[in-house]
Amino acid sequence: PLVTSEQMILNAQKGGYAVGAFNVENMEMVMAVIAAAEELNAPVMMQTTPSTVKYAGLDMYYANALAAAKNCKVPVAIHLDHGSSFELAMQALRVGYTSIMIDGSHHVFEENIEMTKRVVDACAPSGIPVEAELGKVGGKEDDLDGGSGGYTDPLEAKEFVERTKISALAVAIGTAHGVYSGTPKLDLERLSEIRKLVSIPLVLHGASGLTDEAVRESILRGICKVNFATELRIAYTEGVKKVLTENPNTIDPKKYGAAGMESVKKLVMGRIKVCGCDQKA
Ligand code: 13P
Ligand code: ZN
Ligand code: NA
Numbered sequence: 003p004l005v006t007s008e009q010m011i012l013n014a015q016k017g018g019y020a021v022g023a024f025n026v027e028n029m030e031m032v033m034a035v036i037a038a039a040e041e042l043n044a045p046v047m048m049q050t051t052p053s054t055v056k057y058a059g060l061d062m063y064y065a066n067a068l069a070a071a072k073n074c075k076v077p078v079a080i081h082l083d084h085g086s087s088f089e090l091a092m093q094a095l096r097v098g099y100t101s102i103m104i105d106g107s108h109h110v111f112e113e114n115i116e117m118t119k120r121v122v123d124a125c126a127p128s129g130i131p132v133e134a135e136l137g138k139v140g141g142k143e144d145d146l147d148g149g150s151g152g153y154t155d156p157l158e159a160k161e162f163v164e165r166t167k168i169s170a171l172a173v174a175i176g177t178a179h180g181v182y183s184g185t186p187k188l189d190l191e192r193l194s195e196i197r198k199l200v201s202i203p204l205v206l207h208g209a210s211g212l213t214d215e216a217v218r219e220s221i222l223r224g225i226c227k228v229n230f231a232t233e234l235r236i237a238y239t240e241g242v243k244k245v246l247t248e249n250p251n252t253i254d255p256k257k258y259g260a261a262g263m264e265s266v267k268k269l270v271m272g273r274i275k276v277c278g279c280d281q282k283a
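Per this note's numbering, the sequence shown starts with residue 3, numbered consecutively.
Shown next, in the form of structure tokens:
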């Protein structure tokens, strides 16, 4: 069924694992994520960024998620990832999204608080949990350039959470969106410091390209939701490419769509296991 992300992430926090949150861009990716979660009996989050939403509309992704979630036994949440404005967050809320991120991390502290608080207040009557970000995750999140630097300050994190009353906090500890050119150096000490001062679930962005070890260590230190996007794009495209390369005359979109789906499903199953959320539905 379709549920909010609140309980599944709190369960993860209690159980010492993390919920995998996977960015989806088309129907095949939605079906692949659900199939992986079902096969591993895992709670799961699917999420769409503003540029994805621009491609097909909130209604389209919501309908896909709802249809996919309807007949499955695992809990599924559909989340707005990196919500870029109060207006977009409200549109997602109205359409039925069950989890919302407002990303004011590129604003100065007080403005980030103000924007985040406004979204939390608007979502609260509907019981929709809000994730926000403090500090900057590097790299490029589709059309949003995160820039570099700006790790989350633990004391600021504490104040931010208290004043905004968010449900989950995305932290900047050295990860970046997209694949990494070198080996990313995560500031795990900082993560532990934040954990000491902040009791709500913490979110790790930019997990594509991280080693299993790095993801597991982050979870041990307080991460309860892990975001994967770029790896799914790569898996989908590789799957499609393989069919079209081997059979250039293919004209049935179902043929290469199925290959892309299978490839994403395998990837997601692996990442679900790394997060430890298999058999936790
Ligand atoms: P990656 O593309 O590095 O997996 O980052 C995903 C993410 O943080 C989505 O919000
Ligand atoms: Zn992100
Ligand atoms: Na990444």
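From the three backbone atoms N, C-alpha and C, an ideal C-beta is built for every residue, glycine too. Since the structure is predicted, the reported quantities are computational estimates derived from the model, not experimental observations.
Counted within 10 angstroms of its Cβ, other Cβ atoms place residue i as buried (16 or more) or exposed
i, result
"residue 111", "exposed"
"residue 147", "Confidence at residue 147 is low in this model, with a pLDDT of 44, below 50, so the placement of that residue is unreliable and no value is reported for it."
"residue 145", "Because the pLDDT at residue 145 is just 49, under 50, the model does not fix this residue reliably, and the value given afterwards should be weighed accordingly. Counting Cβ neighbours within 10 Å, residue 145 comes out exposed, since fewer than 16 surround it."
"residue 17", "exposed"
"residue 289", "Within the shown structure, residues of the chain are numbered from 3 to 283, placing residue 289 beyond reach of any answer."
"residue 115", "buried"
"residue 266", "buried"
"residue 56", "exposed"
"residue 157", "exposed"
"residue 86", "buried"
"residue 35", "buried"
"residue 150", "In this prediction, residue 150 has a pLDDT of 49, which is less than 50 and means its spatial position is unreliable; nothing more can be read from the coordinates."
"residue 109", "exposed"
"residue 129", "exposed"
"residue 281", "exposed"
"residue 122", "buried"
"residue 118", "buried"
"residue 159", "buried"
"residue 66", "buried"
Residue range of the beta strand (DSSP E) that includes residue i
i, result
"residue 212", "Neither: residue 212 is in no beta strand (DSSP E) and is coded neither H nor E."
"residue 226", "225-230"
Residue i: CB within 8 Å of a non-hydrogen atom of the ligand 13P
i, result
"residue 208", "yes"
"residue 233", "yes"
"residue 108", "no"
"residue 185", "no"
"residue 254", "no"
"residue 239", "no"
CB contact flag (residue i, residue j, <9 Å)
i, j, result
"residue 6", "residue 79", "yes"
"residue 23", "residue 203", "no"
"residue 76", "residue 20", "no"
"residue 175", "residue 220", "yes"
"residue 31", "residue 262", "yes"
"residue 289", "residue 260", "Outside the modelled stretch of the chain, which goes from 3 to 283, sits residue 289, for which no answer is possible."
"residue 88", "residue 120", "yes"
"residue 104", "residue 134", "yes"
"residue 201", "residue 230", "no"
"residue 81", "residue 33", "no"
"residue 218", "residue 190", "no"
"residue 212", "residue 100", "no"
"residue 274", "residue 44", "yes"
"residue 257", "residue 249", "yes"
Where the alpha helix (DSSP H) through residue i begins and ends
i, result
"residue 193", "190-199"
"residue 4", "Segment: none, residue 4 is in no alpha helix (DSSP H) and carries neither H nor E."
"residue 20", "Element bounds for residue 20: n/a, residue is neither H nor E."
Any non-hydrogen atom of the ligand NA closer than 8 Å to residue i Cβ
i, result
"residue 180", "yes"
"residue 177", "yes"
"residue 199", "no"
"residue 212", "yes"
"residue 98", "no"
"residue 141", "yes"
Residue i at chain D interface by Cβ criterion, 9 Å
i, result
"residue 220", "In the structure shown, chain D cannot be found, because there is only a single protein chain."
Any non-hydrogen atom of the ligand ZN within 8 Å of residue i CB
i, result
"residue 20", "no"
"residue 174", "no"
Near the ligand ADP: residue i beta-carbon under 8 Å from a heavy atom
i, result
"residue 114", "Ligands displayed in this structure: the ligand 13P, the ligand ZN and the ligand NA; the ligand ADP is not among them."
| Contiguous alpha helix (DSSP H) assignments of at least 4 residues, all confined to the region 25-83 | Within the region 25-83, the complete alpha helix (DSSP H) runs of at least 4 residues are 29-42, 52-58 and 60-72.
| query | In the region 103-187, which residue ranges form an unbroken alpha helix (DSSP H) of at least 4 residues, counting only runs that do not cross its ends? | reply | You should have 111-125 and 156-166.
| said: For a minimum of 4 consecutive residues, which ranges assigned as the alpha helix (DSSP H) are wholly contained in the region 233-282? | reply: 255-277
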